[in-house]
Amino acid sequence: MRRFYLPHTAIQADQIQLTGPEARHISSVLRLKPGQNVEFFDGTGTVYTSVLVTTTKNLVTAAITAVHQHADASTSSLTVAQCLLKGKKMDLLIQKATELGVTTFLPVISKYCENHGDREHQEQRWQRIMIEACKQCRRTVPMVIEPVQALDHVDFSDCSHRLAAWELETETGLPTVFVQQPGTICLFLGPEGGLHDEDLQWLHRWGFTTFSLGSKILRGETATLAAIAIVQYLTGTLQPAAAAGV
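For the sequence shown, position 191 matches number 179 in the working numbering, and the numbering has no gaps at all.
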C-alpha cells in the first residue's frame, strides 16, 4: 500500500484534505483514483489507513478507516555531525541516513569544507529528500535535519558518546562503549579535505574520541555510511523487528 506524508493540520475529524506537492503526486504523477486504499503518516509515529475520495490536481481527500501507532525499530539516539561534502554527496547521505534510522543529521562547516551552495535551497531540498526516503523505507518519525552550523558554534553537550572518524588515526578502531553503556551517540565525520588541527582541537575539547575505519582511504560518503551502519547494527537498530521487540 502506498504511503504519503501529510501535515497534522490536514486531518479533519475522520477525513484528510491534502493540498500541495503530495496532492499533485497522488493525482497527477501516480494517477491514483477514488476508492483506492493508501496510507498517510504525520511524522509523529501515527499512520492513517485511508480510502481516497477525490483526487484532483489541487486537492486530495480521503476517509480514514484505521489509525495505527508505529514505533520505529531504534534502540538508541544517533546524531550524525557531517562536515559538508561537495556536489550531491550530501543529498545521498541525507537519503541513506534516513533509511538507516539516524535520529538527527547535523551539517557542519569545518576548515576544509568546499560546499558553498545556496543554504536555504539546500536545506529545503534535504527536507524533501528526507521525506521521500521516509515514504520509501516506511519510517514513521522523520529524521531531524539541523541548520548548517560552523563547527565552533555546535553544542555537543546532549551527546553521551562522542566519536569522530579521523583519517590519521592509526591505533583506535570504532569504540563500542555505547553497547554496554546506552546513551545518545554523536558520530562526527569530516570533509573530503580531512580535519584541520583546529578542528581536532575543538573536538577534543568536547571529549570526542577519534577512531579509524581501517587502512583503506575511504571517500567521505563511504566513511559516513560505514560508520552509521556499524553503530546502528551494534545498537540493535538494524536487527529484525521481532528481535528488537517492535
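Don't be surprised by glycine CBs; every beta carbon is placed ideally from N, CA and C.
Since the structure is predicted, the reported quantities are computational estimates derived from the model, not experimental observations.
Straight-line gap, residue i to residue j (C-alpha atoms, nearest Å)
{"i": "Ile97", "j": "Ile205", "result": "22 Å"}
{"i": "Phe29", "j": "Thr(-3)", "result": "12 Å"}
{"i": "Trp190", "j": "Asp140", "result": "7 Å"}
{"i": "Val234", "j": "His184", "result": "Low confidence applies here, because Val234 scores a pLDDT of 47, under 50, leaving its location unreliable and the question unanswered by this model."}
{"i": "Asn46", "j": "Pro170", "result": "47 Å"}
{"i": "Pro(-5)", "j": "Thr32", "result": "10 Å"}
{"i": "Asp83", "j": "Leu72", "result": "One detail in the question is off: residue 83 reads as Gln in this sequence, not Asp. Computed Cα separation, rounded: 15 Å."}
{"i": "Met131", "j": "Thr86", "result": "6 Å"}
{"i": "Glu102", "j": "Thr44", "result": "43 Å"}
{"i": "Met(-11)", "j": "Ala121", "result": "16 Å"}
{"i": "Pro9", "j": "Ser16", "result": "10 Å"}
{"i": "Lys76", "j": "Thr212", "result": "14 Å"}
{"i": "Arg193", "j": "Gly161", "result": "20 Å"}
{"i": "Asp146", "j": "Gly202", "result": "28 Å"}
{"i": "Glu155", "j": "Gln168", "result": "26 Å"}
{"i": "Gly105", "j": "Gln227", "result": "37 Å"}
{"i": "Ile119", "j": "Thr91", "result": "14 Å"}
{"i": "Lys123", "j": "Leu188", "result": "37 Å"}
{"i": "Val55", "j": "Pro22", "result": "20 Å"}
{"i": "Gly182", "j": "Tyr221", "result": "26 Å"}
CA nearest to the CA of residue i, picked from the options
{"i": "Asp143", "options": "Arg113, Glu157, Phe176", "result": "Phe176"}
{"i": "Pro179", "options": "Thr225, Pro95, Leu(-6)", "result": "Pro95"}
{"i": "Arg(-9)", "options": "Thr44, Ala50, Ile218", "result": "Ala50"}
{"i": "Tyr(-7)", "options": "Cys71, Phe199, Ala11", "result": "Ala11"}
{"i": "Thr37", "options": "Ser64, Val26, Gly181, Leu151", "result": "Val26"}
{"i": "Thr198", "options": "Ala215, Arg207, Thr210, Glu209", "result": "Ala215"}
{"i": "Gln3", "options": "Thr212, Ser15, Thr42", "result": "Thr42"}
{"i": "Val136", "options": "Ala152, Arg107, Thr160", "result": "Arg107"}
{"i": "Val48", "options": "Leu20, Gln57, Leu6, Thr67", "result": "Leu6"}
{"i": "Thr128", "options": "Val35, Ala69, Gly8, Ser15", "result": "Val35"}
{"i": "Ser148", "options": "Thr164, Ile119, Thr160", "result": "Thr164"}
{"i": "Arg207", "options": "Leu81, Val17, Pro9, Lys99", "result": "Leu81"}
{"i": "His58", "options": "Arg126, Gly202, Pro22", "result": "Arg126"}
{"i": "Gln70", "options": "His13, Thr210, Arg19, Asp146", "result": "Thr210"}
{"i": "Lys99", "options": "Glu155, Glu186, Gly195", "result": "Glu186"}
{"i": "Thr53", "options": "His13, Arg150, Ile(-1), Thr91", "result": "Ile(-1)"}
{"i": "Gln110", "options": "Thr91, Lys74, Thr92", "result": "Lys74"}
{"i": "Phe166", "options": "Gly181, Arg150, Thr158", "result": "Arg150"}
Same chain only: Cβ atoms within 6 Å of residue i, ignoring 5 sequence neighbours per side
{"i": "Glu134", "result": "Leu94"}
{"i": "Gln24", "result": "Leu40"}
Limits of the unbroken beta strand (DSSP E) element including residue i
{"i": "Tyr36", "result": "34 to 43"}
{"i": "Leu6", "result": "3 to 6"}
Any chain C beta carbon closer than 8 Å to residue i
{"i": "Val48", "result": "The chain inventory of the structure shown lacks chain C, comprising one protein chain alone."}
Residue i - containing alpha helix (DSSP H), residue span
{"i": "Ala50", "result": "No alpha helix (DSSP H) holds Ala50; the beta strand (DSSP E) holding it covers 48 to 57."}
{"i": "Val26", "result": "Careful: Val26 lies outside any alpha helix (DSSP H), inside the beta strand (DSSP E) at 25 to 29."}
{"i": "Trp114", "result": "107 to 125"}
{"i": "Val17", "result": "Counting along the chain, Val17 falls outside any alpha helix (DSSP H), and DSSP gives it neither H nor E."}
{"i": "Gly182", "result": "It is not in any alpha helix (DSSP H) - Gly182 carries neither H nor E in the DSSP assignment."}
{"i": "Leu81", "result": "77 to 87"}
{"i": "Ile205", "result": "That residue, Ile205, is in no alpha helix (DSSP H); it is neither H nor E in DSSP."}
{"i": "Glu254", "result": "This structure cannot settle anything about residue 254, because the visible part of the chain is limited to -11 through 234."}
Residues sharing a beta bridge with residue i, DSSP
{"i": "Ala153", "result": "Phe199"}
{"i": "Ala69", "result": "Leu94, Phe176"}
{"i": "Arg(-10)", "result": "Partner(s): none; Arg(-10) has no beta bridge."}
{"i": "Ala138", "result": "Ile97"}
{"i": "Gly171", "result": "Partner(s): none; Gly171 has no beta bridge."}
{"i": "Ile133", "result": "Phe93"}
{"i": "Gln235", "result": "Because the chain is modelled from -11 through 234, residue 235 falls outside the range shown and cannot be assessed."}
{"i": "Gln189", "result": "Note: Gln189 sits in no beta bridge, so no partner."}
Own chain, CB closer than 8 Å to residue i, minus 5 neighbours either side, in chain order
{"i": "Asp79", "result": "Arg113, Trp114, Ile117"}
{"i": "Leu20", "result": "Arg(-10), Ile14, Val26, Leu40, Thr43"}
Own chain, CB closer than 7 Å to residue i, minus 5 neighbours either side, in chain order
{"i": "Ala138", "result": "Ile97"}
{"i": "Val219", "result": "Leu66, Ile173, Leu175"}
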